[in-house]
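Residue numbers (our numbering): 21 to 203.
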């Protein structure tokens with residue numbers, strides 16, 4: 021299997037598990053870290069979750085604190101979302117979005133909505149990749165062209181995501197916006 025076929029296979033089929041498939045028993049930190057490696061698409065150990073990150077996310081309130089030294093399904097749902105989102109947004113923005121998504125619903129429902137959106141995004145990207153490669157290897161210029169294409173899609177989606185977060189933040193704190201305008 022070539023590298024692009026492997027990527028396409030992962031984009032099409034690798035998904036975090038549904039809520040009911042998350043362990044229904046508590047895990048220790050090392051088990052959480054190992055579990056998160058299977059929840060998200062990763063290559064060659066890039067950008068994995070570490071114990072220090074878990075501690076920082078819980079200290080900042082982005083994820084709930086451990087229950088003793090153990091982590092539950094709720095924690096796994098939070099960490100799954102964090103592991104995906106940390107590649108594209110700041111902790112501050114993740115905090116706002118996660119809080120907003122869970123404001124009026126249980127973690128289980130927020131996690132399901134997150135998985136549905138992630139599934140759509142991965143399928144769109146897989147379709148784009150398949151259209152560019154036809155399922156085969158690309159020569160260097162075509163690979164560079166594909167990389168630029170996906171980087172620009174990422175840029176465009178990032179601009180849209182950042183603007184949506186900014187608008188949400190303004191709605192949550194209109195006074196903060198007026199203070200910035202005066203400065």
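C-beta: ideal position from N, C-alpha, C; glycine also.
Note to self: Applying the 10 Å Cβ sphere with the 16-neighbour rule, what's the burial state of residue 167?
What the structure shows: exposed
key: Inter-residue CB distance, residue 125 and residue 39 (contact presumed, cutoff 8 angstroms)   = That pair is no contact at about 12 angstroms.
Where residue 204 sits in the DSSP three-state scheme: This structure gives no information on residue 204, because the portion of the chain shown stretches from 21 to 203.
Q. With burial defined as no fewer than 16 other Cβ atoms inside 10 Å of the residue's Cβ, what is the status of residue 184: buried or exposed?
A. exposed
Residue 127, buried or exposed, once every other Cβ within 10 Å from all chains shown has been counted against 16:
buried
Alpha helix (DSSP H) segment containing residue 149, residue limits
127-153
Apply the 10 Å Cβ neighbour rule to residue 82 and answer buried if 16 or more other Cβ atoms are within range, or exposed otherwise.
buried
query = For residue 114 versus residue 105, is the C-beta spacing smaller than 8 angstroms?
reply = Their beta carbons are under 8 angstroms apart, which means residue 114 touches residue 105 by this criterion.
When the Cα of residue 132 is compared with those of 62, 101, 151, which residue comes out closest?
-> 101
From what residue to what residue does the alpha helix (DSSP H) around residue 169 run? 160-192
Residue 27: which of 157, 176, 69 sits nearest, CA to CA? Out of 157, 176, 69, 157 has the C-alpha closest to the C-alpha of residue 27.
Residue 82: first and last residue of the uninterrupted alpha helix (DSSP H) it sits in: Note, residue 82: premise wrong, no alpha helix (DSSP H); not H, not E.
Quiz item: Since residue 42 and residue 97 are thought to touch, with beta carbons under 8 angstroms apart, how far apart are those beta carbons, to the nearest angstrom?
Solution: Rounded, the Cβ-Cβ distance is 7 angstroms, consistent with contact.
With distance defined between alpha-carbon atoms, name the residue in 36, 25, 187 nearest to residue 137. Nearest option by C-alpha distance: 36.
With DSSP run on the structure shown, which of helix, strand or coil describes residue 47?
-> Strand at residue 47.
**OP:** May I ask you to report which of helix, strand or coil DSSP gives residue 156?
**Re:** coil
| task | Specify the secondary structure class of residue 123 as computed by DSSP and reduced to three states. | result | In the structure shown, residue 123 sits in coil (DSSP, three-state: anything other than H, G, I, E or B).
**Report entry** Limits of the alpha helix (DSSP H) - the one that residue 40 falls within
**Finding:** It is not in any alpha helix (DSSP H) - residue 40 carries neither H nor E in the DSSP assignment.
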